[in-house]
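In our numbering, the protein residues as written are 9 to 147. Backbone N, C-alpha and C define an ideal beta-carbon position, used for all residues, glycine too. Since the structure is predicted, the reported quantities are computational estimates derived from the model, not experimental observations.
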């Protein structure tokens, strides 16, 4: 029925989380997912114009808060780069941002899409790479 999600054949343990992406516009081009499992503290996701539709990010550090930053750039951010968006990911927490923030069309990036895991909010200061796991949905 409307508003009900039924998951068949899946086992979820206490504390498991999952994300359901809704209201993603149908443009004929399916969205892509960028995932970085602690391999780097920054990277270029797309080297041409694009849109970020949503993301989820886990901060695995027990005591340090970090910022997931999105940059309008075709290359990974360098030290002191100013992000287009910066989101606090508190220690030992997961943050999910979707169409409620980016709207259904997503956030537009004219040059490219890059992300950074930073210890500071307003400029990029590389955080410890293994402390994060982001999944960024983009076109």
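DSSP state of residue i mapped onto helix, strand, coil
i           : result
residue 48  : coil
residue 138 : helix
residue 37  : coil
residue 43  : strand
Residue interval of the beta strand (DSSP E) (run including residue i)
i          : result
residue 60 : 58-67
Assigned exposure category for residue i - 16 Cβ within 10 Å defines buried
i           : result
residue 78  : buried
residue 64  : buried
residue 40  : exposed
residue 101 : exposed
residue 117 : buried
residue 61  : buried
residue 87  : exposed
residue 67  : buried
Pick from the options that is closest to residue i, judged by C-alpha positions
i           : options            : result
residue 96  : 129, 48, 118, 56   : 129
residue 90  : 142, 114, 125      : 125
residue 85  : 145, 146, 138, 132 : 132
residue 120 : 112, 52, 113, 136  : 52
residue 70  : 109, 82, 44, 99    : 99
residue 234 : 54, 76, 81         : Limits of the chain in this structure are 9 at one end and 147 at the other, which puts residue 234 out of reach.
**Asked** Which parts of the region 76-133 are runs of the alpha helix (DSSP H), unbroken and 4 residues or longer, counting only runs that do not cross its ends?
**Response** Restricting attention to alpha helix (DSSP H) runs no shorter than 4 residues, the region 76-133 encloses them at 107-110, ordered along the chain.
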